[in-house]
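Reading through the structure tokens given below for one structure.
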Amino acid sequence: MRIASVETFGDEHVALVRVRTDEGAEGWGQVAPYHADLTAQVLHRQVAPHALGRDALDVEALVDQIPEREHKFPGSHLYRALAGLDTALWDLRGKLEGKSVCELLGGQPKPLRAYGSSMRRDITAAEEAERLARLRDRDGYDAFKVRIGKECGHDEDEWPGRTADVVAAVRASLGEGVALLVDANSCYSPARAVEVGRVLETHGVRHFEEPCPYWELDWTREVTAALALDVAGGEQDWDLRVWRQLAETRVVDVVQPDVCYVGGLTRALRVAELARDAGLPCTPHAANQSLVLVFTLHFLAAIENAGPYLEFSIEPDEYYPWQVGMYEPRPRVVDGAVRVPEGPGWGVEISSEWLERASHTITAAG
Numbered sequence: 449m450r451i452a453s454v455e456t457f458g459d460e461h462v463a464l465v466r467v468r469t470d471e472g473a474e475g476w477g478q479v480a481p482y483h484a485d486l487t488a489q490v491l492h493r494q495v496a497p498h499a500l501g502r503d504a505l506d507v508e509a510l511v512d513q514i515p516e517r518e519h520k521f522p523g524s525h526l527y528r529a530l531a532g533l534d535t536a537l538w539d540l541r542g543k544l545e546g547k548s549v550c551e552l553l554g555g556q557p558k559p560l561r562a563y564g565s566s567m568r569r570d571i572t573a574a575e576e577a578e579r580l581a582r583l584r585d586r587d588g589y590d591a592f593k594v595r596i597g598k599e600c601g602h603d604e605d606e607w608p609g610r611t612a613d614v615v616a617a618v619r620a621s622l623g624e625g626v627a628l629l630v631d632a633n634s635c636y637s638p639a640r641a642v643e644v645g646r647v648l649e650t651h652g653v654r655h656f657e658e659p660c661p662y663w664e665l666d667w668t669r670e671v672t673a674a675l676a677l678d679v680a681g682g683e684q685d686w687d688l689r690v691w692r693q694l695a696e697t698r699v700v701d702v703v704q705p706d707v708c709y710v711g712g713l714t715r716a717l718r719v720a721e722l723a724r725d726a727g728l729p730c731t732p733h734a735a736n737q738s739l740v741l742v743f744t745l746h747f748l749a750a751i752e753n754a755g756p757y758l759e760f761s762i763e764p765d766e767y768y769p770w771q772v773g774m775y776e777p778r779p780r781v782v783d784g785a786v787r788v789p790e791g792p793g794w795g796v797e798i799s800s801e802w803l804e805r806a807s808h809t810i811t812a813a814g
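For the sequence shown, the positions run 449 to 814 when our numbering is used.
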């Protein structure tokens with residue numbers, strides 16, 4: 449069964465990928481969101497030509513060989529594009545075998561505990577505390593993550609005092625029974641990260657994400673060694689050599705691959721194995737409700753060292769309008785958990801109306 453065509457449907461925010469074979473089978477995947485129109489060009493120029501005519505079921509070989517064929521162009525966009533091919537081929541295989549992707553991997557569809565993930569820094573401490581309490585009462589969340597510091601902030605806060613205020617207000621509003629996680633998005637130097645971390649520990653924060661610039665591995669390792677709470681990171685990383693170093697030298701306590709950023713499910717599984725061998729849990733990054741959320745559900749339901757949470761963005765559709773209407777059923781939080789879709793492949797149906805509105809490109813054999 450050979451790959452006959454690779455198609456993209458999308459815009460600058462998100463692009464879905466359809467792979468069809470010479471026998472009429474098809475599967476759906478997605479390149480990484482954000483600047484997805486650029487990533488789709490990379491897919492058609494540097495990924496799809498190497499996939500046409502190849503065995504559609506030999507995903508491992510494609511994932512390994514395509515970057516070698518494009519060895520002069522290493523980098524994030526190549527792997528963001530490769531994710532589209534990889535995830536579509538996993539869907540295709542699941543549909544052929546009549547199994548969900550997590551079942552192909554030895555797991556079972558089940559509810560997964562979710563943490564409500566806030567993406568906002570433009571919100572006051574009181575407003576954040578109020579909305580998280582409302583979501584806890586409505587949807588049953590028992591864990592939330594808030595943003596602290598300033599993105600790549602060089603030790604600055606989004607505005608003076610916001611970090612201390614938001615952590616204290618959210619903890620007071622939610623009480624001790626709710627797990628509290630924070631994300632600094634590469635804000636701090638090691639010394640400042642440790643200082644902030646000590647304050648976080650007094651509020652019972654369990655998870656301190658990306659405290660230092662993510663490319664400064666030694667800085668992050670220093671913070672990990674100094675603090676009792678879990679330091680987490682890795683969402684931006686695509687190079688498996690970096691992942692090996694992250695795991696084997698204990699740069700972080702929790703690894704956070706993003707299925708789309710790292711190059712697809714196959715490579716995310718390899719990251720999880722590296723973490724497992726190092727005794728580390730894997731709590732993936734999934735910061736929106738595009739298909740990356742679906743991929744992450746199947747991934748978490750199958751790996752041995754899954755962390756305790758699924759990341760679930762709490763931002764309304766007005767915040768990310770491009771995540772609306774792509775597929776059904778859309779995952780929902782019920783009693784603090786999200787169920788893995790149970791149908792074959794990814795277990796979702798792509799909206800024909802959404803596809804009709806999207807920009808379409810095809811690379812085909814012949």
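All C-beta atoms in this analysis are idealised placements derived from N, C-alpha and C, irrespective of residue type, glycine included. Note that the structure is a prediction, hence the values are computed from the model and not measured.
Quick one: is residue i buried, meaning 16 or more other Cβ sit within 10 Å of its Cβ, or exposed?
| i | result |
| --- | --- |
| P705 | buried |
| V740 | buried |
| D585 | exposed |
| P659 | buried |
| K598 | buried |
| E508 | exposed |
| T456 | buried |
| I514 | buried |
| E551 | buried |
| T697 | exposed |
| D725 | exposed |
| S807 | exposed |
| D678 | buried |
| V462 | buried |
| A680 | buried |
With distances taken from CA atoms, which of the options is nearest residue i?
| i | options | result |
| --- | --- | --- |
| G458 | D666, D539, Y563 and A488 | A488 |
| R521 | G652, K543 and V495 | The question names Arg, but residue 521 in the sequence shown is Phe. Closest by alpha carbon: V495. |
| G555 | L464, V653 and A749 | A749 |
| G523 | E804, D687 and H492 | D687 |
| V780 | P497, L648 and S738 | The sequence as given places Arg at residue 780; Val does not occur at that position. R780 has its Cα closest to that of S738, out of P497, L648 and S738. |
| L583 | V615, I810, P769 and F760 | F760 |
| L491 | A504, W794, E545 and S453 | S453 |
| K543 | V467, D783, E578 and W691 | V467 |
| Y527 | L505, D503 and L486 | L486 |
Quickly, what does DSSP pair residue i with across the bridge? List them, please.
| i | result |
| --- | --- |
| E763 | For E763, which the question treats as bridged, DSSP gives no partner whatsoever. |
| P559 | R787 |
| F656 | V630 and V679 |
| E776 | E797 |
| G458 | A463 and S807 |
| A812 | S453 |
| G564 | F592 and F760 |
| V782 | A785 |
| A754 | C730 |
query = For the 8 Å Cβ check, are there 3 or more pairs between the segment 584-603 and the segment 624-640?
reply = The segment 624-640 and the segment 584-603 touch, with three or more beta-carbon pairs separated by less than 8 Å.
ask   = Is it a yes or a no for the segment 751-760 touching the segment 722-739, going by three-plus beta-carbon pairs under 8 Å?
value = yes
ask   = Could you give the uninterrupted runs of the alpha helix (DSSP H) lying entirely in the segment 571-632, keeping only those of 4 residues or more?
value = 573-587 and 610-622
query = Are the segment 531-541 and the segment 565-572 touching by the rule of at least three beta carbon pairs closer than 8 Å?
reply = no
ask   = Counting only runs that start and end within the segment 675-751, where is the beta strand (DSSP E) found for 3 or more residues in a row?
value = 678-681
query = Hey, is the segment 768-785 in contact with the segment 795-813, meaning 3+ C-beta pairs nearer than 8 Å?
reply = A contact is defined here as three or more CB-CB pairs under 8 Å, and the segment 768-785 meets this definition with respect to the segment 795-813.
key: At least 3 beta-carbon pairs within less than 8 Å: the segment 466-476 vs the segment 691-708   = no
Ordered list of beta strand (DSSP E) runs contained in the segment 469-549, each at least 3 residues = 474-478
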